[in-house]
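Numbering (the numbering used here), first residue to last: 7 to 388.
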């Protein structure tokens with residue numbers, strides 16, 4: 007028996023992706039509007055979701071259900087977290103969206119010193135955490151959110167008929183209630199062929215229940231559907247990739263002042279002879295190992311340029327307008343030494359000794375101690 011809140015289902019299309027929330031388009035034999043939290047019963051397999059839209063027409067209710075409490079489409083406020091973990095970041099986003107993390111989710115105990123969430127929908131907030139963790143995420147049948155490592159555990163199904171297989175698309179059609187136990191992230195053997203399940207679709211049209219599984223290639227870590235979508239997005243937005251700022255480590259600074267860099271982002275190549283931008287008239291020696299930030303002027307891949315460096319990086323030397331003299335600071339102690347024989351001092355023999363001159367050259371070096379009382383406004387030092 008297939009029902010929605012105990013109402014018989016006339017039609018169903020339940021799509022279960024490996025990434026994201028499952029959705030169900032349903033048609034129910036009822037003239038009563040269905041709203042809020044619902045329970046979908048597929049031959050004893052329970053799915054808990056929320057109606058996002060629907061209406062009654064001709065004595066039947068039709069609508070769309072999304073897995074969980076439906077809060078993943080809700081816009082979440084921006085938030086800045088500090089001294090936390092990935093799990094705490096995820097749980098905060100799920101609380102704001104009205105969902106909970108699945109008990110089987112990964113520990114996600116990686117320490118995070120800072121995490122900023124921009125104003126975005128709940129699914130984007132969850133996807134950002136999963137992407138940082140390098141793991142897939144999805145909404146399970148019970149409405150909880152799972153983030154973890156795929157194990158591709160082997161499942162065995164009996165009394166399932168293979169109705170057809172499309173090698174080009176990797177889609178296999180199945181018949182039989184046992185196919186309702188198949189889920190993304192599992193491995194199943196069908197007619198001697200091993201299939202890694204990337205997505206599952208259950209369809210009901212009248213009395214016939216059919217299941218389609220989409221095979222996941224081993225070389226597509228993020229899922230075939232997501233890989234195809236991301237390829238389209240990358241093609242459209244590829245120039246935007248040159249508008250961001252990227253961290254890099256200084257390998258060396260050349261005599262010209264330009265830098266050789268080793269970017270942290272593995273997508274970025276190591277680069278040589280990169281100029282830096284700073285204040286007018288100021289040149290900077292940036293030591294090897296310093297952390298800098300570089301971008302591309304006018305989003306032009308031919309024009310990489312360093313624009314910032316970490317305040318905590320190794321100290322280098324700064325020169326203003328080509329200056330070569332060291333700068334002293336207001337309040338610094340100074341000592342002036344007068345060499346022997348360079349100034350006239352009072353003669354201790356004068357006037358008691360006839361013929362003695364009133365002054366004589368200093369017989370020993372003279373040291374004068376003091377402090378600087380004024381400084382230049384062109385350069386301020388700590």
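Think of the CB as a built atom: it goes at the ideal place given N, C-alpha and C, for glycine as much as any other residue. Computed from a prediction, not measured in an experiment: that's the story for all the values here.
- DSSP lists 252, 312 as the beta-bridge partner residues of residue 300.
- DSSP lists 210 as the bridge partner or partners of residue 215.
- Listed in chain order, the non-local C-beta contacts of residue 107 below 7 Å within the same chain comprise 96, 97, 100, 150, 151, local neighbours out to five positions each way being set aside.
- DSSP lists 312 as the bridge partner or partners of residue 282.
- Note that the C-beta distance between residue 283 and residue 311 is below 8 Å.
- In this structure, the straight-line span from the alpha carbon of residue 379 to that of residue 351 is close to 27 Å.
- Spatial neighbours of residue 193 in its own chain (CB-CB distance under 8 Å, excluding positions within 5 residues in sequence) are listed in chain order as 158, 159, 160, 161, 200, 201, 202, 203.
- Pairwise C-beta distances place the region 117-137 in contact with the region 60-79, as three or more of them are shorter than 8 Å.
- Nearest to residue 87 by alpha-carbon distance, out of 121, 207, 102, 180, is 121.
- Here the alpha carbon of residue 102 sits roughly 45 Å from the alpha carbon of residue 197.
- Per DSSP, residue 130 has no beta bridge partner at all.
- Residue 70: member of the beta strand (DSSP E) spanning 66-73, first to last residue.
- If the five residues before and after residue 258 are omitted, its C-beta is found closer than 6 Å to the C-beta atoms of 266, 294, all from its own chain and listed in chain order.
- A straight line joining the alpha-carbon of residue 132 with that of residue 143 spans about 8 Å.
- When secondary structure is reduced to three states using DSSP, residue 26 falls in the strand class.
- Beta-bridge annotation (DSSP): residue 55 is paired with 44, 73.
- Looking at 359, 354, 291, 344, the one whose alpha-carbon comes closest to that of residue 328 is 291.
- Residue 176 is positioned such that its CB atom lies closer than 8 Å to that of residue 221.
- Pairing residue 359 with residue 347, the inter-Cα distance amounts to about 21 Å.
- Residue 56 is a Cβ neighbour of residue 74, given a cutoff of 8 Å.
- Residue nearest to residue 313 within the set 354, 323, 298, 304 is 298 (criterion: CA-CA distance).
- For a cut-off of 8 Å, the C-beta gap from residue 353 to residue 363 is around 6 Å, short enough to register as a contact.
- About 14 Å separates the beta carbon of residue 186 from that of residue 167, a gap too long to meet the 8 Å contact definition.
- Taking C-beta separations shorter than 8 Å and ignoring five residues to either side along the sequence, the partners of residue 91 in its chain run 114, 115, 116, 117, 118, following chain order.
- For the pair residue 29 and residue 18, the Cα-to-Cα distance works out to about 10 Å.
- Counting the other CB atoms within 10 Å of its CB gives residue 338 a total below 16, which places it among the exposed residues.
- Looking at the DSSP output, residue 292 shares a beta bridge with no other residue.
- Within the same chain, 254, 255, 257, 276 come within 7 Å of residue 268 by CB-CB distance, once the 5 residues on both sides are set aside.
- Taking C-beta atoms as the reference points, residue 8 and residue 47 count as a pair closer than 8 Å.
- Ranked by how close their Cα comes to the Cα of residue 111, the residues 136, 89, 164, 355 have 136 in first place.
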